[in-house]
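Engineer: Anchor point for the sequence shown: position 30 equals 30 in UniProt numbering, and the numbering is continuous, going up by one each time.
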Amino acid sequence: MAHLDVPAPERCPVCTTQRIRRFMTLQDKVYWRCRLCEATFLAPAQWPDLDAQKVEYDKHQNDVDDPRYREFLARLGTPLLARMPAGLHGLDFGCGPGPALARMLEEAGHTVRCYDPIYAPERAALEDSYDFITCTEVLEHLHQPMAEFEMLNALLRPGGWVGVMTEFQTSDNRFDQWHYRRDPTHIIFYRATTLNLMGARLGWTLEIPRKNIALFRKR
1 MAHLDVPAPE RCPVCTTQRI RRFMTLQDKV YWRCRLCEAT FLAPAQWPDL DAQKVEYDKH
61 QNDVDDPRYR EFLARLGTPL LARMPAGLHG LDFGCGPGPA LARMLEEAGH TVRCYDPIYA
121 PERAALEDSY DFITCTEVLE HLHQPMAEFE MLNALLRPGG WVGVMTEFQT SDNRFDQWHY
181 RRDPTHIIFY RATTLNLMGA RLGWTLEIPR KNIALFRKR
């Protein structure tokens, strides 16, 4: 079968440990599990390239004025805003083609810059400093999430927040049927343990105020 020819990864793409095991093979996709941080990830040899990712992203309808989309983003925006005074400066990292969350945060009294490697690739946004950074439906796409977090940490002011939305992988029994896994651009799936380890390596504290939401704070 084709999946038998997929090269085995050497390390976990999140925490870089070599303590990984083959987790599950589904159709033509091979998934691995990290024994340390508990991330589940698609074999790196099967990750889509940027062009293939863009084809999928362009199918999304992310209207900044769509009330249902805003309600979805408020799952992160509401608890984040509750922890911050008005008038802060933030970055919407991985904003996508419709930066609705940035608009919502601006409406709440903040200034927000946007960065996305495809839709808003101006690198100047990564040379500023910020009181908060949002990553909405971003982590599951990243090839080197820890390296990206280290870069964000360098942009984040002391006491600043990083707000993350990603669907946590909690059930191995339903992994094969999980809608989140079936998105061809989703390559790494996180548990609370995974996020806690990532934050701890940077000296960040972690709160999980609601399902699939993580709020990190830089000391």
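Beta carbons are placed, not taken as given, at the ideal position from N, Cα and C, and that holds for glycine. Note that this is a predicted model, so its numbers are computed, not measured.
1. How would you call Asp51, buried or exposed, if buried means at least 16 neighbouring beta carbons within 10 angstroms?
2. Count the C-beta pairs between the stretch 39-59 and the stretch 187-196 that are closer than 8 Å, then say yes if the count reaches three, no if not.
3. Write down the C-beta distance between Cys95 and Tyr115 rounded to the nearest angstrom, noting that I regard them as a contact closer than 8 Å.
4. Within 10 Å of its beta-carbon, does Lys218 have 16 or more other beta-carbons around it, so buried, or fewer, so exposed?
5. Let me check understanding here. Comparing Cα to Cα, which of Ser171, Arg174, Met165 and Leu202 lies closest to Leu80?
6. Quick check on DSSP: helix, strand or coil for residue 221?
7. In whole angstroms, give me the CA-to-CA distance for Ala2 and Glu10.
8. Taking only the alpha-carbon atoms, compute the straight-line gap between Gly163 and Phe149 and give it to the nearest angstrom.
9. Unbroken alpha helix (DSSP H) runs of length 4 or more, entirely within the stretch 17-62: which are they?
10. Alpha carbon to alpha carbon, how far is Asn173 from Arg22? Give it in angstroms, no decimals.
11. With distances taken Cα to Cα, identify the nearest neighbour of Met24 among Arg33, Thr16, Gln18 and Thr17.
12. Quick one: what does DSSP say Leu206 is sitting in, helix, strand or coil?
13. If you reduce the DSSP assignment to three classes, tell me which class Met146 lands in.
14. So, at 8 Å on beta carbons, what are the nonlocal neighbours of Met84 in its own chain, with the 5 sequence-adjacent residues on each side left out?
15. Compare the Cα-Cα distances from His143 to each of Glu38, Asp49 and Ala100 and report the closest residue.
16. Alpha carbons only, please: which of Gln18, Cys15 and Ala214 is nearest the one belonging to Thr134?
17. Taking the beta carbon of Gly159 as the centre, do at least 16 other beta carbons fall within 10 Å, making it buried, or is it exposed?
18. Look at the alpha carbon of Glu38 and the alpha carbon of Thr193, and state the distance between them as a whole number of angstroms.
19. How is Ala214 classed by DSSP in three states: helix, strand or coil?
20. Name the one or two DSSP bridge partners that residue 258 has.
21. When you compare each of Arg182, Leu105 and Thr40 to Ala86 by their alpha carbons, which one comes out closest?
22. For Thr40, count neighbouring Cβ atoms within 10 angstroms of its own Cβ and tell me buried if that reaches 16, exposed if not.
23. Secondary structure at Arg11, three-state DSSP: helix, strand or coil?
Structural biologist: Taking the coordinates as given:
1. exposed
2. yes
3. 7 Å
4. buried
5. Met165
6. It is not possible to answer for residue 221, since the shown part of the chain is limited to 1 through 219.
7. Annotation note: pLDDT 43 at Ala2 (below 50); position unreliable, no value reported.
8. 12 Å
9. 50-57
10. 16 Å
11. Arg33
12. strand
13. helix
14. His110, Asp131, Phe132 and Trp161
15. Asp49
16. Ala214
17. exposed
18. 7 Å
19. strand
20. There is no way to answer for residue 258, as the model of the chain reaches only from 1 to 219.
21. Leu105
22. buried
23. coil
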